[in-house]
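Notes follow once the structure below has been shown.
2 protein chains.
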Amino acid sequence: MIQSNATLLEYISKPPFLKKWRTITQTRYEPSAVIIDQQSRSNSVYIIKRGMTKCFLTEDTGIDFIQEFFGAGELFGEVEFFTQSTNFCSVVTVSETEVFKFENNLFKSLLDTDRQFNFLVMQALASKVKYKAIRHAYNQSHRIDDKVLRLKKEYPLLFDKLLKKDIANYLGITIRSLNRTLNMLDTNYTISSS
Amino acid sequence: MIQSNATLLEYISKPPFLKKWRTITQTRYEPSAVIIDQQSRSNSVYIIKRGMTKCFLTEDTGIDFIQEFFGAGELFGEVEFFTQSTNFCSVVTVSETEVFKFENNLFKSLLDTDRQFNFLVMQALASKVKYKAIRHAYNQSHRIDDKVLRLKKEYPLLFDKLLKKDIANYLGITIRSLNRTLNMLDTNYTISSS
DNA sequence: TGACCTCTCGGACAAATGTCCTATAGATAT
DNA sequence: ATATCTATAGGACATTTGTCCGAGAGGTCA
């Protein structure tokens, strides 16, 4: 749900790295700011310093599907860098967010010269593949009740912080279905605990 | 649907690479052979030389969800290597398959010493992230008809080569729904073309 | 041959999910 | 104050999808 990467963030925040690469830009965004926009082209790779963003893909049907929410340490824009393609999803801030911004050439030279950074990026990519595989399998083989229930258990606070629309878009369902399920879960809980 | 990676396969098959690393094992598997098994631990990374495998994840519900079919050049087992975890999915041959097998330590030293190999692996990971993101978004926001129709258009031959069960597991639907949809598509086609 | 698999196919029904609509509350602008 | 916009909420209905069956075709083994 909220992906983060403490190891990567710590590494690039520490003196040896940060001192050596003074040219790394840090940028701050207000809530609802568009950092990268689907269909346009970015020429930078980002790592979140603090805050939260949502990463989503707009379908031809007009529906947004939220891939992940990104928290501290998450890397993004790297897929476009490696595949040398235009952005295939959008990244928009949910709360106020600060990022490290690596221009493509800088990112490339970091990968080539800093072996540990190189490995941390590989690990970040691998964990995304794993996370996505597990989530897709789960989503395809469980009903909405299961999905909502699991989300409520794992991130109880999230339902207060996010719009219903975002939660529905993350789960790949309609708001109507989300509401119906939430009602049902409440009813069941009341009955079984009374 | 069928993921492949010609660039990677070509690189590791060429003389400079293959001569230098004579210790790379090549193994051949019969159809339906289990190369890596969910829940157990593998200590190798693989690249497919020829043939086809399916990569799937078995859910707690007992349902298999097929992540991808792997063709020539596809890399697998690398996610477990980077995340240092047990296998999170199974890879089973569909047809007779031959693979290059890199023991973990060898793979690690290849990443460290061969810059081009290192970059090709990164690209392979990035393209998996991208592919998975697009597929999940599509699956969540389209109905079964759309999914089946697209699959038939993109891989018309596949319906003859694979079991119905595998196709259903790839699409995340039941065989019954798949059959119903295929019938409907046939009927529509006959009506509209007569 | 007969028993036993596995794969395929589709009817009948039930359950899950989406679509369409109306209503309310709060925020904002004119 | 009024209009307007957005988010929330849920009723009524239609559609989509899954579940549960039984049946047939072909393969294998004793």
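Chains as they are written, first to last, in UniProt numbering: chain A, 1 to 194; chain B, 1 to 194.
C-beta atoms are modelled at their ideal positions from N, C-alpha and C, and glycine is treated no differently.
Being a predicted model, the structure only gives us computed values, none of them experimental.
{"Asked": "Just mark Thr113 of chain B as buried or exposed, buried being the case when its beta carbon has 16 or more other beta carbons within 10 Å.", "Found": "exposed"}
{"Asked": "If distances are taken between C-alpha atoms only, which option among B:Ile63, B:Thr86, B:Tyr131 and B:Glu103 comes closest to Ile47 of chain B?", "Found": "B:Glu103"}
{"Asked": "Return the bridge partner residues of Ile48 of chain A from the DSSP annotation.", "Found": "A:Val99"}
{"Asked": "Are the Cβ atoms of Lys49 of chain A and Val99 of chain A separated by less than 8 Å?", "Found": "yes"}
{"Asked": "For Leu57 of chain A, report the span of its beta strand (DSSP E) as first-last.", "Found": "Thr53 to Thr58"}
{"Asked": "How would you write the range of the alpha helix (DSSP H) that residue 196 of chain A sits in, first residue to last?", "Found": "Residue 196 of chain A lies beyond the range of chain A shown here (1 to 194); nothing can be said about it."}
{"Asked": "Count Cβ pairs between the segment 12-19 of chain B and the segment 76-87 of chain B that sit closer than 8 Å; are there 3 or more?", "Found": "no"}
{"Asked": "Out of A:Glu68, A:Arg150, A:Val129 and A:Phe117, point me to the one whose CA is closest to Asn87 of chain B's CA.", "Found": "A:Val129"}
{"Asked": "Which bits of chain A does Gln123 of chain B rub up against, with CB to CB less than 8 Å?", "Found": "Phe82 and Thr83"}
{"Asked": "With 9 Å as the C-beta to C-beta threshold (strictly closer), list the residues of the segment 103-122 of chain A near chain B in chain order.", "Found": "Leu111, Asp112, Arg115, Asn118, Phe119, Val121 and Met122"}
{"Asked": "Can you tell me where the beta strand (DSSP E) with Tyr29 of chain A in it begins and where it stops?", "Found": "Thr25 to Tyr29"}
{"Asked": "Do we get a CB-CB distance below 8 Å when we pair Thr174 of chain A with the residues of chain B?", "Found": "no"}
{"Asked": "Does any CB atom of chain A fall closer than 8 Å to the CB of Gln38 of chain B?", "Found": "no"}
{"Asked": "My assumption, with CB atoms under 8 Å, is that Asn139 of chain A sits in contact with Gln140 of chain B. Please give the rounded CB distance.", "Found": "7 Å"}
{"Asked": "Among B:Thr181, B:Ile175 and B:Leu171, whose alpha-carbon lies nearest the alpha-carbon of Phe56 of chain B?", "Found": "B:Leu171"}
{"Asked": "Would you give the residue range spanned by the alpha helix (DSSP H) that Glu154 of chain A belongs to?", "Found": "Ile144 to Glu154"}
{"Asked": "Rounded to the nearest angstrom, what separates Leu162 of chain B and Ala168 of chain B at their Cα positions?", "Found": "10 Å"}
{"Asked": "Looking at C-alpha atoms only, which residue of B:Ala126, B:Ser90 and B:Ser44 is the closest neighbour of residue 196 of chain B?", "Found": "Any question about residue 196 of chain B goes unanswered here, given that chain B covers just 1 to 194."}
{"Asked": "Taking only three categories from DSSP, how would you classify Thr83 of chain A?", "Found": "helix"}
{"Asked": "Pick out whichever of B:Asn183, B:Lys165 and B:Leu182 has its Cα sitting closest to the Cα of Ile175 of chain B.", "Found": "B:Lys165"}
{"Asked": "Is it true that the CB of Met1 of chain B sits closer than 8 Å to the CB of residue 216 of chain B?", "Found": "Beyond the ends of chain B as shown, which are 1 and 194, falls residue 216 of chain B; an answer cannot be given."}
{"Asked": "Would you say Tyr11 of chain B and Leu120 of chain B are within 8 Å of each other, going by their C-beta atoms?", "Found": "yes"}
{"Asked": "So which residues of chain A does Tyr138 of chain B contact, with C-beta pairs closer than 8 Å?", "Found": "Glu59"}
{"Asked": "Using only alpha-carbon positions, find the residue among A:Thr83, A:Cys89 and A:Glu74 that is nearest to Ala133 of chain B.", "Found": "A:Cys89"}
{"Asked": "What's the gap between the Cα of Lys108 of chain A and the Cα of Asn118 of chain B?", "Found": "12 Å"}
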